[in-house]
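Okay, structure first, notes after.
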Amino acid sequence: MLSLDPQSQTYSPTTTSGTDEFLQTEILKALWSSLFPYTLSQHRSRNMELFYLIVFGALGVIVATMELSKNNKDRINTSSAFNSFKNNYLLVYSLMMAGDWLQGPYVYYLYTTYGFGKGDIGQLFIAGFGSSMLFGTIVGSLADKHGRKRASVTYCITYILSCITKHSPQYRVLMVGRILGGIATSLLFSAFESWLVAEHNKRGFEQQWLSITFSKAIFLGNGLVAILAGLFGNLLVGSLAMGPVAPFDAASIFLAIGMAIILSSWTENYGDASESKDLLTQFRGAAVAIASDEKIALLGAIQSLFEGSMYTFVFLWTPALSPNGEEIPHGFIFATFMLSSMLGSSLASRLLARASIKVESYMQLVFIVSSASLLLPVITSFLVAPSQEKGGSIKFAGCIQLIGFCVFEACVGLFWPSIMKMRSQYIPEEARSTIMNFFRIPLNIFVCIVLYNVDAFPITVMFGMCSFFLFIASMLQRRLFGVAERSRQDKARELEAEPLNI
């Protein structure tokens, strides 16, 4: 006779003959399978699939509700000329970001298919961040001097060449591709924004309207486009089985289309196009601007601390959610993160539309919340007993962390349009691209150090470090708020005193 343990789904033998025992075992197996067609592990897996869907669905409903429920207070009345200008920029920016997002999920995977190990791949990634650090400031200065439109076209050409190198399995060729990709990244995060701010001011649009373009650019480029690019890349590599190079070829096409629009519809603008200024003079001028204006220096430190933590998070979230090799849907989780980012950018558009709310004020809270969200892996390591089970679906601690990571991504969505708004207010036009790339130097050093030592520290230590950096960013943001308020008060007193002087 056999007795069935429903929890373990094993059978305990009692007294019976071998043949009868075998028959009874098969009968009990059939009976159990008919009553409970899924094992406990399968039920747990299905529950986890439901958890992912609930989180994604809830975020989707919130984002849709926020976008559809905007009233006149959340919207800014603009002109048709501005709307045409804004839509042109958003189209170009979305195409540029599509070219970037299509590559991201497949870079590491492509290198592994060429047979490279973790160490070699790490060196390739370090080369990318290193080139962004070394050449970024130079190309930023060239953009200010020779034109932001030319710099944007250079981004397209450089990134297309980087994509072409992915067809070669030769390590040296791939290294050249990473260096080109690093240069392109510096241009992406400086030339386009610099062109937008200068062109916006040149056309005489209201300063507050810039926040509309910023928030929409992040909502589309860092949210919706990222999700669609992930799905399209999965279609090319998975469903159509076109190989891991296919997303890079698709990225080249999007970049080429965007370049054609830039060439046909954008006008050129400059920072300081004075022929008497060489690169060294531009560097010196940018350094003097940072050193002489506390607001610019604080803004650079805040940006480096937040973006450094953000890029570190990109490398840490997968091992945090699957410490024992758990099977997690990476693509679906990535899409969930991007939806969270859309939620943040949607909230930012509401905040930036209200003149009574200062960006320097609410960003203090954003940094505090982001610091707390990245502290969750440290907290759960103490409060939740670690599971020793290998494989399977995501564990309870992972579910908690996933929710915290979604909160962090919402903070990322809030951060981008808000930091763009502050940069447009504080960074001088004549050296905008140069200064913005100066800010990326400490960022790239930080990321290179983290990548080089990623296996040297426990993952909880890395998250604790990121949380601490974000807390420091909140303190610096508080300082920036105070300095900016004093600067506004001083300007107001000067305006009041002008009639008396006359």
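Here this note's numbering is used: the first residue of the sequence shown is 587, the next is one more, and so on. We put the beta carbon where it would ideally sit given N, CA and C, even for glycine.
- Along the length of the segment 726–754, whole beta strand (DSSP E) runs at least 3 residues long do not occur.
- Taking H786 as reference, the option from L773, C992, A877, S670 with the minimal CA-CA separation is S670.
- Excluding sequence positions up to five before and after M828, its CB lies within less than 6 angstroms of the CB of L822, all in the same chain and listed in chain order.
- The DSSP-derived three-state label of M1006 is helix.
- Residue environment for L774: buried (at least 16 other C-beta atoms within 10 angstroms of its C-beta).
- M1051 sits in a helix when the DSSP states are folded into three classes.
- Apart from the 5 residues on each side of it in sequence, I914 sits with its Cβ closer than 7 angstroms to the Cβ of L907, S908, I980 in its chain, given in chain order.
- Cβ-Cβ separation between M652 and L933: approximately 7 angstroms, consistent with a contact (criterion under 8 angstroms).
- Judged by their CB atoms, F1055 and I876 are not nearer to each other than the 8 angstroms cut-off.
- Annotated as proximal: G977 and N910, with beta-carbon spacing under 8 angstroms.
- Taking 8 angstroms as the cut-off, the beta carbon of A883 is found no closer than this to the beta carbon of F953.
- Counting along the chain, the unbroken alpha helix (DSSP H) around A832 starts and ends at 832–851.
- Here DSSP, grouped into helix, strand and coil, assigns D686 to helix.
- Comparing alpha-carbon positions, the option among Q974, T904, F805 lying closest to A996 turns out to be F805.
- No Cβ-Cβ contact shorter than 8 angstroms links S748 with A777.
- A residue is called buried once 16 or more other Cβ atoms fall within 10 Å of its Cβ, and P1044, having fewer, is exposed.
- A check of alpha carbon separations from L960 across S655, G894, E975, G1068 identifies G894 as the nearest.
- Rounded to whole angstroms, G809 and E1080 show a C-alpha spacing of 43 angstroms.
- Taking each of G984, A650, P691 in turn and checking the Cα distance to P905, the smallest one comes out for G984.
- DSSP places M924 in the uninterrupted alpha helix (DSSP H) bounded by 916–938.
- Shortest Cα-Cα distance from H753 to any of T898, P833, G824 involves P833.
- Annotation: the continuous alpha helix (DSSP H) that includes R1018 extends over 1018–1038.
- Following the DSSP letters along the chain, one finds A887 inside the alpha helix (DSSP H) bounded by residues 880–907.
- Here I954 carries a helix assignment [DSSP, helix/strand/coil].
- Per DSSP, reduced to three states, the secondary structure at F818 is helical.
- In the three-state scheme derived from DSSP, where H, G and I count as helix and E and B as strand, I1045 is classed as helix.
- Under the DSSP assignment, F968 falls in the alpha helix (DSSP H) whose first and last residues are 962–969.
- Going by DSSP, V783 is part of the alpha helix (DSSP H) stretching over 777–788.
- In the three-state DSSP reduction, Q756 falls in the coil class, being neither helix nor strand.
- Across the structure, I919 and L929 are spaced so that their CA atoms are roughly 15 angstroms apart.
- Its chain contains P963, V964, S967 as the residues whose beta carbon lies nearer than 8 angstroms to that of T1046, once the 5 sequence neighbours on both sides are disregarded; these appear in chain order.
- In this chain, the alpha helix (DSSP H) harbouring I804 covers 796–805.
- Between S935 and the set G643, L796, I1021, K788, the nearest pair of CA atoms involves L796.
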